[in-house]
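J.: Sharing a structure, written as C-alpha cells. Questions coming.
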Amino acid sequence: MANTIIYWFRQDLRVQDLPGLLAAAATGKPLVACFILDDETPGEHRPGAASRWWLHHSLLSLQDELRGLGGELLLRRGSAPQVLEELVGACDADAIHCSRQYEPWAGALEQQLHSTLASRQIDFKRYPGSLLFEPGQVMTQAEAPFKIFTPFWRQCLRSSEPRRPQPPPVDINWHPTPPRGESLLDWGLLPRDPDWASQWPPLWSPGSTGAAERLATFLAGPVADYSEGRNHPARGATSRLSAHLHFGEISPRAVWHAARGLAHADPDRKEQVDKFLSELGWREFSHHLMYHFPHIVEQPFKEPFQAFPWLGNETALRAWQRGLTGYPIVDAGMRELWHTGYMHNRVRMVVASFLTKHLLTHWRTGARWFHDTLVDADLANNSCGWQWVAGSGADASPYFRIFNPVTQGEKFDAQGDYVRRWVPELAELPDRYLHKPWEAPADVLARAGVALGDDYPAPIVEHKAAREAALAAYGSIKG
DNA sequence: TTTTGAGTTGTTCGA
DNA sequence: GTCGAACAACTCAAA
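And the structure:
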C-alpha cells in the first residue's frame with residue numbers, strides 16, 4: 403500500500419476552506435486525520451479552562467463533520483513531536499500536512515518538526531488558513547513590519563483580496579485501518595465538581611455549523627448598526643465570532659467574503675460592514691505583531707514600560723476577578739465573563755483599564771485571568787489587547803487615557819440593562835445611581851433594597867485618587 | 001535624508 | 001448643559 407499522509411488538525415477545526423486538508427486529500431494517499439492535545443509544548447499558553455470546554459465541543463463537531471466525509475478523527479494526547487513520530491511509524495506515513503500557527507511556541511514547534519521530519523524524508527507542510535493575510539506579506543515600503551494599525555490595514559486593503567473560500571475535499575481516500583485513538587471523554591476537558599459550564603450549551607454552539615449560523619445571524623441584523631451598536635454591551639450587536647475564529651471553525655476568508663457580499667448587495671450597509679471588517683483587521687494586526695515581535699506575549703512592546711512600577715495587591719485582584727470592585731460596570735463585566743466565558747469588547751476595555759490603571763496591576767496578571775476564563779482566549783489578541791489598554795503596546799492608548807468606569811457605564815449602558823442583568827443586587831436602583839450607587843441617598847438605597855458594603859461593596863478605590871496615582875506612575879517612566 | 005502629518009475606542013476642566 | 005482645548009511627546013510611515 404502507498405505511504406500514508408497525516409492531516410494534523412490544530413486551530414483549524416473545520417473541513418471548509420482548509421487548504422492543507424484539500425492538498426492532503428489531493429495526493430490521493432491514504433489519509434489519517436488527527437488532533438493532538440498537547441499541554442506540554444505551549445507551556446503556560448496551553449488552553450485555559452473555558453477554552454477546554456469549547457475545544458471539547460468543537461472536537462465533537464469536527465468528528466461529526468469528518469464522519470460525514472466518510473472518515474474519522476484520531477485523538478491523541480501528548481507532546482506533538484512525540485505523538486506525530488509515533489503516528490508516522492504506526493501508519494507508515496511519509497507526509498504530514500497542517501495549518502500554520504503564529505504563537506512563538508508554535509513557530510518553534512513547526513521549525514523543530516520541519517527539521518526532524520525532513521531528515522527522515524517525511525514531507526512536513528504548513529499551509530495558511532487562519533488569517534486573511536500572511537505575516538511577511540503585509541510590510542511597509544521599507545520592508546518593515548507595521549506598528550500602527552491604520553496604515554497596516556490600508557495596506558491590507560490595497561493588496562489582493564483574500565481568496566474565496568474553498569469547499570471541503572471530496573473523495574478522501576481514508577486510511578482503511580488507522581491507528582487507535584483515545585476517547586474525548588477521557589481527556590477531561592469538561593469541568594466537573596463543580597460543572598460551572600452547565601448553563602453554557604444554550605449560549606454557545608462550538609463547531610462549524612454554529613459558526614456559520616452565528617455569522618448569518620449577525621449579517622442578517624446587527625451589522626446594520628455595527629459602528630454604534632457594538633459599543634453597547636446590552637444590545638448584542640457584536641458578531642460573537644471570536645471563539646469560532648480562534649479555533650478555526652470558520653475561516654476569516656469566509657467571514658470576509660460573506661460580509662463583502664452583503665455590502666455589495668446593499669451599498670447602504672457598506673460603511674457598517676467595513677467597520678466590522680476592520681475589527682477582523684485588528685485580529686490580523688495582533689497576529690502579525692506577535693509573529694514579528696514574539697516578545698509581546700510576555701514583555702512590553704514599548705521598552706520604557708519595563709520600568710513601570712506595578713503594584714501587586716492580591717485582595718484588589720481577587721475583588722476584580724470576582725466582580726466585587728464596587729464599580730457596577732466593572733463588576734458586571736467580570737461576572738459576565740465568569741458566567742458565560744465571554745465579555746463584551748467595550749467592557750473588556752473598561753475592566754482592563756481598571757485593573758492596570760486604577761489598581762496598577764500588571765497587564766499580564768489580567769491577561770492570565772482572561773486566558774483561563776475566556777472561551778475565545780487567543781494569545782495574540784489577548785496580549786495585544788491588554789498591552790493596548792495598559793499603554794505599553796503598539797499603537798497603544800495614550801497613558802493619560804484612563805477610563806472613568808462611571809462615565810463609561812452611563813454612556814454605554816444608559817438604561818442599565820447590562821448592569822442589572824449581571825449585578826442583580828443593584829437591579830432596583832434607579833438609572834441615575836445605577837453606575838454610582840455610593841452617591842445614592844440612604845432612602846434611595848433602602849427602597850432598592852441595597853445595603854452598601856453589605857449587599858454590594860463600596861468602591862475598593864476612589865476614582866479620582868486612583869487616576870492621579872496612575873498618572874504619577876506613568877509619569878515616573880517618562881524619558 | 002528630511003519633512004510632514006497622523007495616530008481605535010477618553011477624561012477633565014473651564015469658559 | 002455644552003463645547004473646545006489640554007492632556008505630552010514620540011514614533012511611525014510615506015512623500
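For the first sequence, the working numbering begins at 403 and goes up steadily by one. Think of the CB as a built atom: it goes at the ideal place given N, C-alpha and C, for glycine as much as any other residue.
Do A872 and W840 have their C-beta atoms within less than 7 Å of each other?
T.: With a cutoff of 7 Å on beta-carbon distance, A872 and W840 are scored as not near each other.
J.: Grouping DSSP H, G and I as helix and E and B as strand, with all else coil, what is F707?
T.: helix
J.: Just checking my contact of F535 with S501 at CB under 8 Å: how many whole Å lie between their CB atoms?
T.: Contact flag wrong, Cβ pair sits at about 15 Å.
J.: Identify the continuous beta strand (DSSP E) that holds S501 and give its terminal residues.
T.: A495 to S501
J.: Do E467 and V434 come within 7 Å of each other at the CB atom, strictly closer than that value?
T.: no
J.: Hey, which unbroken runs of the alpha helix (DSSP H) at 4 residues or more fall wholly within the stretch 720-746?
T.: Segments of the alpha helix (DSSP H) lying fully in the stretch 720-746: 730-742.
J.: Going by DSSP, which residues form a beta bridge with R479?
T.: L439
J.: Identify the continuous alpha helix (DSSP H) that holds D466 and give its terminal residues.
T.: A451 to G470
J.: To which residues of the same chain is Q810 closer than 7 Å at the C-beta, ignoring the five residues directly before and after it?
T.: I731 and V752
J.: Pull up the distance between the alpha-carbon of S532 and that of Y729, whole angstroms please.
T.: 38 Å
J.: Looking at the structure shown, is T579 part of a helix, part of a strand, or coil, going by DSSP?
T.: coil
J.: Give the C-beta separation of W790 and S799 to the nearest angstrom, bearing in mind that I take them to be a contact with Cβ-Cβ under 8 Å.
T.: 6 Å
J.: Quick one: which unbroken beta strand (DSSP E) runs of 3-plus residues sit fully inside the stretch 538-598? Chain order, please.
T.: none
J.: Taking 7 Å as the threshold (C-beta atoms), are D856 and E827 in contact?
T.: Not a contact, by the Cβ cut-off of 7 Å.
J.: When the Cα atoms are used, what is the spatial distance from Q568 to H447?
T.: Take the alpha-carbon of Q568 and the one of H447: they are about 31 Å apart.
J.: CB A495 to CB I408, shorter than 7 Å?
T.: yes
J.: If you reduce the DSSP assignment to three classes, tell me which class F814 lands in.
T.: helix
J.: Do the stretch 708-722 and the stretch 677-694 touch if we need at least three Cβ pairs shorter than 8 Å?
T.: no
J.: What residue ranges within the stretch 792-839 form continuous alpha helix (DSSP H) runs of no fewer than 4 residues, ordered along the chain?
T.: 807-814, 819-824 and 833-836
J.: Contact between the stretch 612-629 and the stretch 642-658 is defined here as three or more beta-carbon pairs at a separation below 8 Å; is this criterion met?
T.: yes
J.: What does the alpha-carbon distance come out to for the pair W456 and G470?
T.: The C-alpha of G470 is placed about 21 Å away from the C-alpha of W456.
J.: Taking just the CA atoms, how far does R478 sit from D441?
T.: In this structure, the straight-line span from the alpha carbon of D441 to that of R478 is close to 12 Å.
J.: Which class does W410 belong to by DSSP, given the choice of helix, strand or coil?
T.: strand
J.: My guess is that T775 and W740 are in contact by the Cβ rule of under 8 Å, so how many angstroms apart are they, rounded?
T.: That belief holds up - the Cβ atoms of T775 and W740 are roughly 7 Å apart, short of 8 Å.
J.: DSSP beta-bridge partners for V434?
T.: I408
J.: Please classify Q513: is it buried, with 16 or more other beta-carbons within 10 angstroms of its beta-carbon, or exposed?
T.: exposed
J.: Find the nearest neighbour of R882 within the set G663, L489 and S463, judged by alpha-carbon distance.
T.: Residue 882 is absent from the model: the chain starts at 403 and stops at 881.
J.: Assuming the contact rule is C-beta atoms closer than 8 Å, S794 and P702 should be a hit. Round their C-beta distance to whole Å, please.
T.: About 4 Å separates the CB atoms of S794 and P702; that is less than 8 Å, so the two are in contact.
J.: Here's the rule: buried if 16 or more other CB atoms are within 10 angstroms of the residue's CB, otherwise exposed. What is V540?
T.: With 16 or more Cβ atoms within 10 Å of its Cβ, V540 is classed as buried.
J.: Suppose the cutoff is 7 Å on Cβ atoms and the five residues either side in sequence are ignored; what does the same chain contact list for Y801 look like?
T.: G793 and Y876
J.: Determine the DSSP secondary structure at R770, reduced to helix, strand or coil.
T.: helix
J.: Whose C-alpha, out of G583, R720, S755 and A492, is nearest the C-alpha of N806?
T.: S755
J.: Is F526 helix, strand or coil when you go by DSSP?
T.: strand
J.: How would you write the range of the alpha helix (DSSP H) that H865 sits in, first residue to last?
T.: Per DSSP, H865 is one residue of the alpha helix (DSSP H) stretching across H865 to S878.
J.: Hey, would you say L423 sits closer than 7 Å to P580, going by beta carbons?
T.: no
J.: Verify whether the separation of the beta carbon atoms of D746 and P635 is less than 7 Å.
T.: In the sequence on display, residue 746 carries His and not Asp. The answer is yes: Cβ separation under 7 Å.
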